[in-house]
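Residue 11 is where the sequence shown starts when you use our numbering, and the numbers rise one by one after that.
Ideal Cβ placement from N, Cα and C applies to all residues, glycine included.
Written below as structure tokens is the structure these notes are about.
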Amino acid sequence: MSRRIALTFVALIAALLVVAVVPIGVAVDAKERESFRFDAISAGRQISSAAEEYLTDHHPPTAMNAALADAAKHHDCAAVYGPDDSLLASAGCSATTDAHARALVVTARTARDHEQTAQNGAWFLAAVPVSDDDKYSGTVVFGRSTGELDEHMTVLWVWLGLTGLAALILGVALSLRLARWVSRPLSGLGAAAARLGDGELTVRAETSHGPAEVRALAATFNRMAERTQTLVHGHRAWVADVSHQLRTPLTALRLRLDVLAAETEGGTAAELAGALEEIGRLSRLVDGLLAVARAEGRVPRREPVDVGAVAAERVAAWEPLARERRIELELPETAGAIGSEAVARLGAGDLEQMLDNVLANALEAVPDAGRVQMRVSRVDGRVLLHVIDNGPGMDEPAKQAAFRRFGNPDARGNGLGLAIVHRLITANGGAVRLTDTPGGGLTVELDLPSVS
Numbered sequence: 011m012s013r014r015i016a017l018t019f020v021a022l023i024a025a026l027l028v029v030a031v032v033p034i035g036v037a038v039d040a041k042e043r044e045s046f047r048f049d050a051i052s053a054g055r056q057i058s059s060a061a062e063e064y065l066t067d068h069h070p071p072t073a074m075n076a077a078l079a080d081a082a083k084h085h086d087c088a089a090v091y092g093p094d095d096s097l098l099a100s101a102g103c104s105a106t107t108d109a110h111a112r113a114l115v116v117t118a119r120t121a122r123d124h125e126q127t128a129q130n131g132a133w134f135l136a137a138v139p140v141s142d143d144d145k146y147s148g149t150v151v152f153g154r155s156t157g158e159l160d161e162h163m164t165v166l167w168v169w170l171g172l173t174g175l176a177a178l179i180l181g182v183a184l185s186l187r188l189a190r191w192v193s194r195p196l197s198g199l200g201a202a203a204a205r206l207g208d209g210e211l212t213v214r215a216e217t218s219h220g221p222a223e224v225r226a227l228a229a230t231f232n233r234m235a236e237r238t239q240t241l242v243h244g245h246r247a248w249v250a251d252v253s254h255q256l257r258t259p260l261t262a263l264r265l266r267l268d269v270l271a272a273e274t275e276g277g278t279a280a281e282l283a284g285a286l287e288e289i290g291r292l293s294r295l296v297d298g299l300l301a302v303a304r305a306e307g308r309v310p311r312r313e314p315v316d317v318g319a320v321a322a323e324r325v326a327a328w329e330p331l332a333r334e335r336r337i338e339l340e341l342p343e344t345a346g347a348i349g350s351e352a353v354a355r356l357g358a359g360d361l362e363q364m365l366d367n368v369l370a371n372a373l374e375a376v377p378d379a380g381r382v383q384m385r386v387s388r389v390d391g392r393v394l395l396h397v398i399d400n401g402p403g404m405d406e407p408a409k410q411a412a413f414r415r416f417g418n419p420d421a422r423g424n425g426l427g428l429a430i431v432h433r434l435i436t437a438n439g440g441a442v443r444l445t446d447t448p449g450g451g452l453t454v455e456l457d458l459p460s461v462s
């Protein structure tokens, strides 16, 4: 953004300088050269007046020679030609007597009453006819060097160029300062928004720099961040209160039922055993709901996570339970090589919790001597983690309800494992999908956001 603003201002300033400086230079150059031409023609006319007394009035050439000498004294050149184009007198350099000057004399003689000008190298030549009452008597060729004029014009263009360059440099400096004044607060606001999105709820944007609109936007962002922090903290406090309020009476109720079950027999004992089982199921359901609430209330601060390493760690942790039930729990060795490139950006501990829930559901669903396999892959910039089992699987209604809080509770668990996984992975910018395993069973696919 800074570069775009600076380049826009530089282009505008450069265009203004070209539009302003170049016409001024051209106008001054034209004016100076026109003034030079007028002065040269005027000097030639003065010599023509002196030559007229000699050529037309037949006076002595004293005045004419004096005028020629005066021109030579001022480093000019002059020559007087007769009516037959013969050279009568000259002074100064040879620029007024060479072939170029003689050709100009022929042109002036033809024009008679109009001065003729030409450029002869570094000399400006003016041919002034000598005439009286329309009677042509000769021609005066006056020459003046353009070196001083050219040098003066060069200095003028150099100064104009330096002035334009200085103005352009100043404009660049001011445009960069303006661009940074506008873009830095926006960059800081963007960085603050990114940090807030990563879970740093205490972050706030700077509100004392930049244009008024940017400061107002930063203030609005800060109010939003403060409100978000209040809501998240309030939700977490509510979760803690619910946890305390529900667990304590459930624990007390279970203890009372345990005491009653120990003191009764027969049908009453069976009913109490059923009640204890329902209390246990209710406790697991409350724990699951609290876990889902915590997952929804969390705003994870993401960091790079080696998916292959975490998968291997969780397989090792669940291996004893799988071995006890003679379930084959495996992670192919190739997953280690893939895992070295499969790095996802997730909240700390989120992948471990997701895998624990998925593995717990899978081990609970598959029969004894069944199989659960985990695979890690990297496809199109995403990290995919599959947990594949050969259990009874799930029908389509059950799959659609699996991610809801009260999706599909059963007697063996609280039914909220996949709901927790769904909340955690969506909070991290990923996705979870359920598909059928070829040959029977359920495949849970975790689509994780990659670092790159």
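Does the distance from the C-beta atom of G380 to that of I337 stay below 7 Å?
-> By 1-based counting over the sequence shown, the position of residue 380 is 370. By 1-based counting over the sequence shown, the position of residue 337 is 327. A contact, by the Cβ cut-off of 7 Å.
Return the bridge partner residues of Q126 from the DSSP annotation.
-> Indexing the sequence shown from 1 puts residue 126 at position 116. Note: Q126 sits in a beta bridge opposite A137.
When we look at the beta-carbon of A40 and count the other beta-carbons within 10 Å, is it buried (16 or more) or exposed?
-> The residue you call residue 40 lines up with position 30 of the sequence shown. So A40 counts as exposed.
Quick one: any contact between the region 172–187 and the region 16–32, if contact means 3 or more CB pairs under 8 Å?
-> yes
On the three-pair Cβ rule with 8 Å, is the region 44–63 touching the region 123–136?
-> yes
Is G359 helix, strand or coil when you go by DSSP?
-> Counting from 1 along the sequence shown, the entry for residue 359 is found at position 349. DSSP places G359 in coil when its eight states are reduced to three.
Inter-residue Cα distance where the pair is N418 and M404 | Working through the sequence shown from its first residue, we reach residue 418 at position 408. Working through the sequence shown from its first residue, we reach residue 404 at position 394. Confidence at N418 is low in this model, with a pLDDT of 49, below 50, so the placement of that residue should be treated as unreliable; the coordinate-derived value is given next. Rounded to whole angstroms, N418 to M404 spans 10 Å at the Cα level.
Compute the beta-carbon to beta-carbon distance between V431 and D399, rounded to the nearest angstrom, for a pair I have assumed lies under 8 Å.
-> What you label residue 431 is simply residue 421 of the sequence shown in a count that begins at 1. What you label residue 399 is simply residue 389 of the sequence shown in a count that begins at 1. Incorrect: roughly 15 Å between the Cβ atoms, too far for contact.
Residue nearest to W191 in terms of C-alpha spacing, selected from R214, R225, V38 | On the sequence shown, position 181 is the one that residue 191 refers to. Per the Cα distances, R225.
Following the continuous beta strand (DSSP E) through E313, name the residue where it begins and the one where it ends.
-> Reading the sequence shown from its first residue, position 303 is the one you call residue 313. E313 -> beta strand (DSSP E) spans 312–316.
Could you tell me the boundaries of the beta strand (DSSP E) in which D399 lies?
-> Counting from one through the sequence shown, the residue named residue 399 turns up at place 389. That run of the beta strand (DSSP E) goes 392–399.
If we count Cβ pairs, one from each stretch, closer than 8 Å, do we get three or more for the region 98–116 versus the region 166–180?
-> no
Using the rule of at least 16 other Cβ atoms within 10 Å of the residue's Cβ for burial, across every protein chain shown, is A421 buried or exposed?
-> Mapped onto the sequence shown, residue 421 falls at position 411. Unreliable placement is indicated for A421, whose pLDDT of 36 sits below 50; no coordinate value is reported for it.
At which residues does the alpha helix (DSSP H) containing P407 begin and terminate?
-> Residue numbering aside, residue 407 sits at position 397 when the sequence shown is read from its first letter. Start and end: 406–411.
How would you label V115, buried or exposed, when you count the other beta carbons within 10 angstroms and need 16 or more for buried?
-> By one-based count along the sequence shown, residue 115 stands at place 105. Label assigned to V115: buried.
For A24, three-class secondary structure by DSSP | For the purposes of this step, residue 24 is taken as the residue at position 14 of the sequence shown. A24: helix per DSSP, three-state reduction.
Can you grab the Cα-Cα spacing for the pair T238 / R392, in whole Å?
-> For the purposes of this step, residue 238 is taken as the residue at position 228 of the sequence shown. For the purposes of this step, residue 392 is taken as the residue at position 382 of the sequence shown. Whole-angstrom Cα-Cα distance: 29 Å.
Output the distance between the C-alpha atoms of A319 and K409, rounded to the nearest integer angstrom.
-> As a position in the sequence shown, residue 319 is number 309, starting the count at 1. As a position in the sequence shown, residue 409 is number 399, starting the count at 1. Looking at the two C-alpha atoms, the distance is approximately 29 Å.
Please report how far the alpha carbon of G209 lies from the alpha carbon of T445, in whole angstroms.
-> Numbered from 1 along the sequence shown, position 199 holds the residue referred to as residue 209. Numbered from 1 along the sequence shown, position 435 holds the residue referred to as residue 445. Whole-angstrom Cα-Cα distance: 31 Å.
Bridge partners - S100, DSSP secondary structure assignment = Taking the sequence shown and counting its residues from 1, one reaches residue 100 at position 90. DSSP, once it has assigned bridges, lists A89 as partnering S100.
What does a CB cutoff of less than 6 Å around V461 pick up in its chain, not counting 5 residues either side in sequence?
-> In the sequence shown, the residue the question calls residue 461 occupies position 451. Excluding positions up to five away in sequence, the list reads P314, V353, R355.
A101 beta carbon less than 7 Å from that of A79 = Locating residue 79 in the sequence shown gives position 69, where the first residue counts as 1. Locating residue 101 in the sequence shown gives position 91, where the first residue counts as 1. Yes, they are a contact pair.
Taking C-alpha atoms, which residue in V389, A370, D390 lies nearest to Q383?
-> What you label residue 383 is simply residue 373 of the sequence shown in a count that begins at 1. Checked all of V389, A370, D390; the closest Cα to Q383 is A370.
Which residues bound the beta strand (DSSP E) around A441?
-> As a first step, residue 441 is located in the sequence shown; it is residue number 431 there, counting from the start. From DSSP, the beta strand (DSSP E) with A441 extends over 441–446.
Straight-line gap, V368 to D251 (C-alpha atoms, nearest Å) = Here residue 368 refers to the residue found at position 358 of the sequence shown. Here residue 251 refers to the residue found at position 241 of the sequence shown. Spanning the two alpha carbons is a distance of roughly 28 Å.
Answer yes or no: do V386 and L373 have a C-beta to C-beta separation smaller than 7 Å?
-> On the sequence shown, position 376 is the one that residue 386 refers to. On the sequence shown, position 363 is the one that residue 373 refers to. No.
Applying the criterion that 16 or more other CB atoms from any shown protein chain within 10 Å of the CB defines a buried residue, is A327 buried or exposed?
-> Position 317 of the sequence shown, counted from the start, is the residue given in the question as residue 327. Answer is exposed; the Cβ neighbour count stays below 16.
How long is the line joining the alpha carbons of A321 and R333, rounded to whole angstroms?
-> Along the sequence shown, one-based indexing puts residue 321 at 311. Along the sequence shown, one-based indexing puts residue 333 at 323. Cα-Cα distance, rounded: 18 Å.
Work out the CA separation of L227 and G423 for me, nearest whole Å.
-> Here residue 423 corresponds to residue number 413 of the sequence shown, with the count starting at 1. Here residue 227 corresponds to residue number 217 of the sequence shown, with the count starting at 1. Note on G423: pLDDT 41, under 50, position unreliable in the model; the coordinate value appears next. Answer to the nearest angstrom: the Cα atoms are 48 Å apart.
Would you mind sorting T278 into buried or exposed? The rule is 16 or more other CB atoms within 10 Å of its CB.
-> Counted from its first residue, the sequence shown places residue 278 at position 268. Exposed.
Bridge partners of A354, per DSSP?
-> As a working note, residue 354 is residue 344 in the sequence shown. Answer is V315, S460.
Return the CA-CA distance between S185 and L26, expressed in angstroms with no decimal places.
-> The residue you call residue 185 lines up with position 175 of the sequence shown. The residue you call residue 26 lines up with position 16 of the sequence shown. Spanning the two alpha carbons is a distance of roughly 15 Å.
According to DSSP, which residues form a beta bridge with Q239?
-> As a working mapping, residue 239 is identified with position 229 in the sequence shown. Q239 is not bridged to any residue.
DSSP three-state assignment for T149, whether helix, strand or coil | Within the sequence shown, residue 149 is the residue found at index 139, counting from 1. In the structure shown, T149 sits in a strand (DSSP, three-state: E or B).
Apart from the five residues just before and just after I34, which ones in its own chain have a Cβ nearer than 6 Å to its Cβ?
-> Residue numbering aside, residue 34 sits at position 24 when the sequence shown is read from its first letter. Cβ neighbours of I34 beyond the five flanking positions: none.
Which word fits T156, buried or exposed, when buried means at least 16 other C-beta atoms lie within 10 angstroms of its C-beta?
-> As a working mapping, residue 156 is identified with position 146 in the sequence shown. The residue in question, T156, is buried, as its Cβ has 16 or more Cβ neighbours within 10 Å.
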